[in-house]
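These notes concern the structure reproduced below.
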Amino acid sequence: HALAWEAGQLVGHGAVVLRRLLHDGRALRTGYVECVAVRADRRGRGYGAAIMNELERIVRGAYELGALGASEMGAGFYAARGWKQWQGQTWTLSPAGLLRTADEDGDIYVLEVARALDSSGDLTCDWRDGDVW
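The numbering of the sequence shown is the working numbering, which starts it at 73 and goes up by one.
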């Protein structure tokens, strides 16, 4: 977790969790960034960038790949930091087998750490309850 504080009050948060993403026949140890948020009245003051600096440091130091699901509001922020929008189809490996997650297409961004990836290919996430991406 990365936390941002101002005058003793929490104003921002983000986290990295271990996930396995499958691409081009490889299971990639992935630092999945989630729950990045800055209090509305504190946005535009560098808190989001500070949080992401720390999360990206963790991803680069411990994972083969960074990934996240971007909101429409956050997509430009992540792209400006060097995260690449995944162009291919997205999937999840569910208990019932491989399932398409077309509603996530275009919302997934990756930070290449260990090697460049073909972002036009398929990307499959491991299963978890709730929002799989």
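For glycine and all other residues, C-beta sits at the position ideal for the given N, C-alpha and C.
Alpha-carbon spacing of residue i relative to residue j, whole angstroms
{"i": "I180", "j": "D203", "result": "13 Å"}
{"i": "V88", "j": "L75", "result": "12 Å"}
{"i": "E148", "j": "W205", "result": "Before going further, note that residue 148 is Gly rather than Glu in the sequence given. Cα to Cα, the separation comes out at about 19 Å."}
{"i": "G141", "j": "D194", "result": "15 Å"}
{"i": "E106", "j": "G80", "result": "23 Å"}
{"i": "A19", "j": "R92", "result": "Given a span of 73 to 205 for the chain in the structure shown, any question on residue 19 remains unanswerable."}
Whether residue i touches residue j by CB criterion (8 Å)
{"i": "L183", "j": "G138", "result": "yes"}
{"i": "T196", "j": "L94", "result": "yes"}
{"i": "R114", "j": "E78", "result": "yes"}
{"i": "V185", "j": "Y119", "result": "no"}
{"i": "Q161", "j": "R172", "result": "yes"}
{"i": "G169", "j": "M124", "result": "no"}
{"i": "D96", "j": "D190", "result": "yes"}
{"i": "G84", "j": "V110", "result": "yes"}
Those residues which DSSP pairs with residue i across a bridge
{"i": "G84", "result": "A76, V110"}
Q. Three or more beta-carbon pairs under 8 Å between the region 167-180 and the region 111-130, yes or no?
A. no
**Q.** Inside the region 87-158 only - beta strand (DSSP E) runs reaching at least 3 residues
**A.** As far as the region 87-158 is concerned, its whole beta strand (DSSP E) runs of at least 3 residues are 98-110, 137-141.
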